[in-house]
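Participant: Below is one structure. I have some questions about it.
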């Protein structure tokens, strides 16, 4: 880890993305698979207009959760490594950092809308958001040029696509067996 006094970016700001992601996704790994089955009665009562086939499509089995989380782990590891190699200057790293931070709000919003626990909601405000803010402060303190609005816009657009792709791969590699 480098010193902030020399203007260098500490390794924790880049590799920490992977570490913070791992902590957050450990919660998701423990809770995502089968969560909808457990929450479905509550969600049906809250959203009676949602057709059963939609609930069926939203189901994530434990095996699918493991695969999706693993695939996203590859993406996050690549982003952290690219950030480390470029001293945080990589647009890929910065976009991943923005997306990681923004998705904390999505977790909290899901819990508010569903009026209950949703996978990832505990570590989103305790790990994801604080790490993201801290890493951005370290980037600024080290004088790292920030991609700016481009990183935020690309993260906002790419986050659902990347997450969707991870889940699509999971459905292919770990298809649900008939119930």
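Numbering (my numbering), first residue to last: 9 to 187.
Beta carbons are placed, not taken as given, at the ideal position from N, Cα and C, and that holds for glycine.
Using 7 Å as the threshold, is the C-beta distance between residue 21 and residue 163 below it?
Facilitator: Within the chain shown, numbered from 1, the residue matching residue 21 stands at position 13. Within the chain shown, numbered from 1, the residue matching residue 163 stands at position 155. The answer is no: Cβ separation not under 7 Å.
Participant: Please report the distance separating the alpha-carbon of residue 13 from that of residue 31.
Facilitator: By one-based count along the chain shown, residue 13 stands at place 5. By one-based count along the chain shown, residue 31 stands at place 23. Confidence at residue 13 is low in this model, with a pLDDT of 45, below 50, so its placement is unreliable and no value can be given for it.
Participant: Under a Cβ-count criterion, where at least 16 other Cβ atoms within 10 Å of its own Cβ denotes burial, should residue 148 be classed as buried or exposed?
Facilitator: By one-based count along the chain shown, residue 148 stands at place 140. Burial call: exposed.
Participant: Would you give the residue range spanned by the alpha helix (DSSP H) that residue 103 belongs to?
Facilitator: For the purposes of this step, residue 103 is identified with residue 95 of the chain shown, where counting begins at 1. Note, residue 103: alpha helix (DSSP H), 99-122.
Participant: Report all residues from its chain with a CB closer than 8 Å to the CB of residue 50; omit the five preceding and five following residues, and keep chain order.
Facilitator: By 1-based counting over the chain shown, the position of residue 50 is 42. Only 122, 123, 124 meet the Cβ criterion.
Participant: I need the straight-line Cα distance from residue 137 to residue 59, nearest angstrom please.
Facilitator: Here residue 137 corresponds to residue number 129 of the chain shown, with the count starting at 1. Here residue 59 corresponds to residue number 51 of the chain shown, with the count starting at 1. Going by the C-alpha atoms only, they are around 34 Å apart.
Participant: In three-state terms, what does DSSP make of residue 13?
Facilitator: On the chain shown, residue 13 is found 5 positions in, with the first residue counted as 1. Residue confidence for residue 13 is low, a pLDDT of 45 falling below 50, so the modelled location carries little weight; the figure read from the coordinates is stated next. Correct three-state label for residue 13: helix.
Participant: When the distance is taken between beta carbons, is residue 23 closer than 7 Å to residue 84?
Facilitator: In the chain shown, residue 84 corresponds to position 76, counting from 1. In the chain shown, residue 23 corresponds to position 15, counting from 1. Contact flag unset, no.
Participant: Reducing DSSP to helix, strand and coil, say where residue 54 ends up.
Facilitator: Along the chain shown, one-based indexing puts residue 54 at 46. DSSP places residue 54 in helix when its eight states are reduced to three.
Participant: Three or more C-beta pairs under 8 Å: does that hold for the region 109-119 against the region 90-97?
Facilitator: Counting Cβ pairs under 8 Å, fewer than three are found: no touch.
Participant: Thinking residue 44 and residue 68 are a contact (beta carbons under 8 Å), I'd like their distance in whole angstroms, please.
Facilitator: Residue numbering aside, residue 44 sits at position 36 when the chain shown is read from its first letter. Residue numbering aside, residue 68 sits at position 60 when the chain shown is read from its first letter. Their Cβ separation, rounded to whole angstroms, is 7 Å, which keeps residue 44 and residue 68 in contact under 8 Å.
Participant: On a CA-only basis, which of 108, 86, 88, 74 is nearest residue 181? Give me that one, please.
Facilitator: Walking along the chain shown from the start, residue 181 turns up at place 173. For residue 181, the nearest C-alpha among the options comes from 74.
Participant: Less than 7 Å between the C-beta atoms of residue 19 and residue 106, yes or no?
Facilitator: Mapped onto the chain shown, residue 19 falls at position 11. Mapped onto the chain shown, residue 106 falls at position 98. Cβ atoms of residue 19 and residue 106: not closer than 7 Å.
Participant: Distance, Cα to Cα, residue 102 vs residue 81?
Facilitator: Position 94 of the chain shown, counted from the start, is the residue given in the question as residue 102. Position 73 of the chain shown, counted from the start, is the residue given in the question as residue 81. If you take the alpha carbons of residue 102 and residue 81, they lie about 16 Å apart.
Participant: To which residues of the same chain is residue 33 closer than 6 Å at the C-beta, ignoring the five residues directly before and after it?
Facilitator: Residue 33 sits at position 25 when you count from the first residue of the chain shown. Within the same chain, residue 33 has close Cβ partners 77.
Participant: Anyone know if the C-beta pair for residue 79 and residue 177 falls short of 7 Å?
Facilitator: For the purposes of this step, residue 79 is taken as residue 71 along the chain shown, with counting starting at 1. For the purposes of this step, residue 177 is taken as residue 169 along the chain shown, with counting starting at 1. Cβ distance < 7 Å, so residue 79 and residue 177 count as in contact.
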